[in-house]
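J.:
Residue numbers (the UniProt record's numbering): 1 to 997.
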């Protein structure tokens with residue numbers, strides 16, 4: 001395998017389109033076409049567009065199939081990928097070259113094809129769009145336009161290679177590729193229902209009447225003007241010049257990025273000094289406007305080029321990369337406003353810089369169009385995102401350019417730096433990947449389940465709850481989770497971190513769906529539940545009535561084991577009940593879960609502290625589980641004064657808030673979720689006027705969940721970042737000021753202490769620096785602990801003492817409720833026959849066609865939708881690698897009757913951009929690790945991918961590489977020696993998807 005793409009010949013390209021559309025209603029995987037149903041158009045350069053947007057000069061306009069897929073989804077303006085004198089294998093593009101996980105980065109420059117190949121792709125695409133627009137009834141065959149893009153200096157643009165390219169797109173009539181396309185269409189009229197010879201003969205060979213100039217950073221203004229002048233006067237083309245965001249100046253760019261949360265971006269002022277300056281740009285643009293008008297042409301600017309930043313965290317290979325996407329949006333809009341103001345709104349602007357469904361209508365309504373996109377199309381949903389944007393734009397009022405609305409644009413420039421869709425998250429993005437490799441077959445999997453410590457059947461219960469079947473949803477939940485109210489309220493829901501919906505708008509509100517099911521289905525479920533009959537005599541003692549102990553009692557009770565829970569306090573629920581404030585979770589919610597656990601028949605003895613394993617065994621308990629939590633205070637070492645322990649404070653607060661006298665100023669030291677609880681609770685104590693949270697790092701690196709940080713900020717807690725406490729006296733906490741050091745390989749910047757002293761008013765200091773496990777209990781019972789004081793257990797939580805187990809916080813240290821449930825489940829499975837997989841089949845939706853129609857639909861108002869409608873149901877349809885591939889090199893094919901499809905990778909269509917690796921929910925790169933279809937023997941031999949090559953189609957002979965071994969197989973024979981799932985995949989691809997070969 002190499003990163004060289006092999007363009008599809010025109011006959012095979014059209015055959016693919018016709019056959020796929022006939023059998024699946026799709027074109028290159030796009031299943032939801034945009035059909036123009038009115039006669040509204042916009043005019044530009046003497047041409048017209050049915051929708052004023054499309055893919056930017058980039059990965060989505062490099063190959064003919066990319067352009068066809070974009071058109072089918074709704075694009076009607078195509079900025080062809082930039083060509084330059086340096087091309088093909090001579091272009092030094094490091095791979096992978098794209099990282100679009102959040103804001104986007106790339107290290108590619110221009111088309112990776114040879115210029116003649118690129119030319120052929122654009123002509124093939126033009127001709128194909130003419131055919132399918134009419135054949136499929138998508139719109140007028142004159143309702144779209146192509147815009148060529150060239151760079152990077154005048155010498156290169158004037159070279160015979162580029163000149164031939166430009167002239168050929170101005171008029172392709174006398175080229176070999178035009179003749180080939182035309183001949184195929186005329187020879188295959190019988191394959192079309194709505195195409196006749198007159199239509200084919202009438203297709204215009206004038207592919208482009210306009211051009212966009214892209215120049216490298218540092219290109220002198222005189223060179224830019226010379227090139228634009230040449231394109232206008234010598235080539236007779238309507239011309240845009242692409243401007244760089246560096247026109248805004250270093251100070252503006254740095255300040256904007258820092259304030260929006262992109263402070264980690266590495267860039268200095270050298271590009272800003274070397275690039276075109278604003279004071280030079282304005283008169284140059286005016287001269288070019290005048291020149292174009294005198295030649296009967298139109299001139300404008302393209303905003304903007306990508307933004308150069310240093311590679312500081314290993315995002316991509318090399319030293320510098322180019323930023324685009326949502327972080328580029330505020331810079332581009334700001335530059336649009338600055339330039340528009342300088343030209344009193346009369347300057348034509350072609351827009352590209354973070355446009356997406358959340359802002360495209362706003363951009364269009366200020367009078368800026370056409371609009372081109374790249375980053376949003378690189379994310380799950382891919383080209384299919386275009387159909388939604390096409391519908392939105394098509395509903396707008398169309399009017400030809402009569403100037404930019406400066407008032408609206410000023411408002412947009414003000415809003416964009418405050419828009420949540422463009423602000424960076426307060427915390428670093430969590431790892432979206434599952435901790436496993438993608439399988440060759442059957443790779444559909446719901447990553448939310450992998451993110452859940454107990455593997456909840458999330459797609460099943462979200463769908464059931466959304467359908468209003470709350471009882472069944474709650475049955476699915478309680479199969480693995482006996483604490484649905486607690487976890488439905490305060491679970492950190494890391495399942496949502498893995499949710500593919502994060503790449504659309506925001507994750508499915510999984511926790512909320514759980515709580516909805518719990519509230520609506522609880523009474524019915526409780527009425528149905530009966531404690532199972534006791535099945536055995538092996539008694540179990542559970543020491544501790546917190547989440548781990550309660551969950552263990554529930555699971556074992558379901559299995560009919562005799563269980564006794566000993567709790568030293570007078571109430572069940574542990575820290576959740578005694579410490580977590582009621583504004584976080586109500587006592588009623590906790591009691592509902594306790595009652596659910598009680599329904600399984602366990603005995604509960606409260607106010608009973610058990611400290612001896614030997615004694616419990618002497619009383620007939622065969623198994624002992626310690627689930628005693630982590631209550632030992634973490635110690636904040638101060639040179640002067642003392643701090644109150646956070647658990648002591650929160651327990652007093654919950655027991656009797658009025659008994660607390662904290663003074664006016666409270667400082668909480670710490671950055672975890674418990675610290676946030678303490679700070680928010682302190683804000684509610686009578687007499688407290690100010691609560692400060694002191695932490696030695698910044699908010700970005702606090703361990704608390706982002707939503708807990710946000711809640712604390714909403715409650716008015718003041719964050720005092722980069723401070724290390726020294727001591728407290730006379731109502732003041734003294735701290736050393738910290739500064740962030742250089743980033744490490746992960747981008748994390750460790751704090752470095754300075755000698756500067758900062759004081760914070762503090763009548764009371766609360767230490768929330770992490771609780772510890774009290775190991776004295778374990779050591780007394782001969783239970784082994786490691787050097788850190790953690791109990792040593794095996795995979796089933798067994799200690800070195802026979803039949804003694806430890807789970808929950810007592811094992812992990814302060815952790816989460818759902819982790820405690822996970823431990824309890826594993827303990828129960830270790831000593832019983834507990835099974836928790838009765839509902840797994842419900843995760844797959846048999847209506848996979850309906851699921852696929854959700855793809856590419858983003859939600860501007862996520863609260864307006866049911867969570868089941870927002871769920872992408874990845875256990876049924878994942879196909880992220882299919883969505884995000886610009887070249888359509890990853891395909892889904894249906895094998896047998898399963899609703900889930902299989903993925904194959906087409907080697908010759910891949911340039912190893914790496915985008916599928918970014919978005920595959922597995923820790924894998926599909927372009928390397930999925931079963932690969934090869935087009936020829938050299939490519940097969942050049943690759944290490946497991947895959948197949950057709951050797952003799954008539955005899956069904958295929959060469960297959962599997963498990964590192966290469967053999968030829970007659971795949972039509974079920975006994976050929978291939979695993980049956982692989983054999984079926986190959987035969988299905990060849991028989992039912994023959995256009996791939």
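A virtual CB, placed ideally from N, CA and C, is assigned to each residue, including glycine.
For residue 688, count the other beta carbons within 10 Å of its own beta carbon; 16 or more makes it buried, fewer makes it exposed. Which is it?
T.: Burial call: buried.
J.: Can you tell me which of the three DSSP states residue 947 falls into?
T.: In this structure, residue 947 counts as strand in the three-state DSSP scheme.
J.: Given a cut-off of 8 Å, decide if residue 186 and residue 197 are closer than it, judged by their beta-carbon atoms.
T.: Cβ distance < 8 Å, so residue 197 and residue 186 count as in contact.
J.: Going by C-alpha to C-alpha distance, which of 4, 377 and 17 sits closest to residue 57?
T.: Checked all of 4, 377 and 17; the closest Cα to residue 57 is 377.
J.: Residues in its own chain within less than 6 Å of residue 282 by CB, not counting five upstream and five downstream?
T.: Excluding positions up to five away in sequence, the list reads 342.
J.: Under the three-state reduction of DSSP, which class applies to residue 564: helix, strand or coil?
T.: Looking at residue 564 - three-state DSSP - the assignment turns out to be strand.
J.: Taking contact to mean at least 3 C-beta pairs separated by less than 8 Å, is the stretch 612-628 in contact with the stretch 650-666?
T.: In short, these stretches do not touch, since the Cβ pair count stays below three.
J.: Rank 443, 705, 680 and 686 by C-alpha distance to the C-alpha of residue 693 and give the top, closest one.
T.: It is 680 whose Cα lies nearest to the Cα of residue 693.
J.: Restricting to Cα atoms, I'd like to know which of 9, 66, 218 and 138 is closest to residue 39.
T.: The shortest C-alpha separation from residue 39 is found at 138.
J.: Quick one: is residue 470 buried, meaning 16 or more other Cβ sit within 10 Å of its Cβ, or exposed?
T.: With 16 or more Cβ atoms within 10 Å of its Cβ, residue 470 is classed as buried.
J.: Select from 950, 313 and 382 the residue whose C-alpha is nearest the C-alpha of residue 887.
T.: It is 382.
J.: Span of the alpha helix (DSSP H) holding residue 1002?
T.: With the chain running from 1 to 997 in the structure shown, residue 1002 is simply not present.
J.: Is the beta carbon of residue 876 less than 8 Å from the beta carbon of residue 907?
T.: For residue 876 and residue 907, no; Cβs fall outside 8 Å.
J.: Residue 924 to residue 287, Cα distance in whole Å?
T.: Using only the alpha carbons, I get a separation of about 52 Å.
J.: Would you grab the beta carbon distance between residue 311 and residue 817 for me? Rounded to a whole angstrom, and I think it's under 8 Å.
T.: About 40 Å; that fails the 8 Å criterion.
J.: Can you tell me whether residue 974 is buried or exposed? The criterion is at least 16 other CB atoms within 10 Å of its CB, across all chains shown.
T.: So residue 974 ends up on the exposed side.
J.: Whose C-beta lies closer than 7 Å to the C-beta of residue 678 among residues of the same chain, with five residues either side of it excluded?
T.: So the list reads 646, 649, 650, 668, 766 and 768, once near-sequence residues are dropped.
J.: If I measure Cβ to Cβ from residue 120 and keep anything under 6 Å in the same chain, skipping five residues before and after, which residues do I get?
T.: Here the set comprises 177.
J.: At what residues does the alpha helix (DSSP H) containing residue 724 begin and finish?
T.: Taken as a continuous stretch (DSSP letters only), residue 724 belongs to no alpha helix (DSSP H), being part of the beta strand (DSSP E) at 723-729.
J.: Under three-state DSSP, which class holds residue 188?
T.: In this structure, residue 188 counts as coil in the three-state DSSP scheme.
J.: Opposite residue 538 in the DSSP bridges: which residues?
T.: Note: residue 538 sits in no beta bridge, so no partner.
J.: Exposed or buried, what is residue 336 when buried is set at 16 or more other beta-carbons lying within 10 Å of its beta-carbon?
T.: So residue 336 counts as buried.
J.: Beta carbon of residue 998, beta carbon of residue 235: below 8 Å?
T.: Shown here, the chain extends from 1 to 997; a query on residue 998 therefore has no answer.
J.: Could you check the C-alpha separation between residue 515 and residue 507 for me, to the nearest Å?
T.: Rounded to the nearest angstrom, the two C-alpha atoms are 16 Å apart.
J.: Is residue 997 buried or exposed, if buried means 16 or more other CB atoms sit within 10 Å of its CB?
T.: Flag for residue 997 reads exposed.
J.: Under 8 Å, do residue 546 and residue 518 count as touching if we go by C-beta distance?
T.: Cβ atoms of residue 546 and residue 518: not closer than 8 Å.
J.: Hey, how far is the Cα of residue 257 from the Cα of residue 509?
T.: Straight-line Cα distance between these residues: approximately 29 Å.
J.: If you run the structure through DSSP and keep just helix, strand and coil, what is residue 632?
T.: Strand, per DSSP.
J.: How many whole angstroms separate the CB atoms of residue 25 and residue 51, which I take to be in contact at a CB cut-off of 8 Å?
T.: Not confirmed; about 21 Å, so no contact.
J.: Residues in the same chain with beta-carbon distance under 7 Å from residue 355, minus the five sequence neighbours each way, listed in chain order, please.
T.: Excluding sequence neighbours, residue 355 sits near 363, 371 and 373.
J.: Helix, strand or coil for residue 926 per DSSP?
T.: Reduced to three states, the DSSP call for residue 926 is helix.
J.: Please classify residue 157: is it buried, with 16 or more other beta-carbons within 10 angstroms of its beta-carbon, or exposed?
T.: Burial call: buried.
J.: For residue 352, tell me which candidate among 663, 555 and 330 has the shortest Cα-Cα distance.
T.: Among 663, 555 and 330, the Cα nearest to that of residue 352 belongs to 330.
J.: For residue 1001 and residue 727, what's the separation of their Cα atoms in angstroms?
T.: Shown here, the chain extends from 1 to 997; a query on residue 1001 therefore has no answer.
J.: Could you check whether residue 573 and residue 543 sit closer than 8 Å to each other, using their CB atoms as the reference points?
T.: Not in contact: residue 543 and residue 573 (Cβ atoms no closer than 8 Å).
J.: Determine the contact status of residue 118 and residue 111, defining contact as a CB-CB distance below 8 Å.
T.: Yes. Within cutoff.
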